[in-house]
Amino acid sequence: PLVELLRAGSEEAKTNAAGALACLLKDEPTRTLVPDEALPLLVEALRSGVGDGKANAARAIARLASEAPTRAHIVREGALPLLVALLRAGTENGKANAAGAISRLAQEAPTRALIAGEGALPLLVALLR
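Add 240 to the 1-based position in the sequence shown for the numbering used here, that's all there is to it.
Here it is as structure tokens:
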């Protein structure tokens with residue numbers, strides 16, 4: 241049902257579904273409840289969502305990125321430039337969640353150059369000020 245809401249729900253339903261998925265992804269036992277098809281829908285929520293919807297999608301993606309095998313898949317899905325865009329012009333919550341996702345993606349050496357190439361470093365430094 242959460243994946244269906246992400247796919248075809250109203251903006252409010254998509255926002256709530258992304259938030260619920262982020263909660264499920266918080267702990268190891270409940271991560272298995274989130275299907276693989278959620279990632280492309282979360283990336284789409286980053287692309288076309290608004291406000292809290294983008295922030296919730298970034299939080300869910302950050303939690304997915306806690307697992308090494310998923311990180312490359314997140315980058316291949318196109319999440320990195322969208323996370324950087326959220327860092328640049330998102331809500332405070334969205335910026336924080338995007339920074340969290342980017343920091344987890346940066347655990348993979350090949351991704352670090354992509355992060356720098358997207359211009360994320362000055363944005364991350366600005367968050368610290």
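We treat Cβ as the ideally placed atom computed from N, Cα and C, and that holds for glycine.
One thing to note: residue 315 has its Cβ within 9 Å of the Cβ of residue 351. Cβ-Cβ distances below 7 Å link residue 269 to nothing in the same chain once the five nearest sequence neighbours on each side are left out.
By the Cβ neighbour-count rule, residue 273 is exposed, with fewer than 16 other Cβ atoms within 10 Å of its own. Nearest neighbour of residue 299 by Cα position, chosen from 290, 334, 289, turns out to be 334. A Cβ-Cβ distance of about 6 Å is found for the pair residue 331 and residue 291, placing them in contact under the 8 Å criterion. Boundaries for residue 250: no alpha helix (DSSP H) harbours it, and the DSSP string shows neither H nor E there. Secondary structure of residue 311 (DSSP, three-state): helix. Its Cα nearest to that of residue 280, the residue 317 stands out among 266, 339, 317. Here residue 268 carries a helix assignment [DSSP, helix/strand/coil].
For residue 349, the uninterrupted alpha helix (DSSP H) run begins and ends at 349-357, by DSSP.
Taking a C-beta distance under 9 Å as the contact criterion, residue 302 and residue 337 qualify as a contact pair. By the CB criterion at 9 Å, residue 283 and residue 262 fall outside the cutoff.
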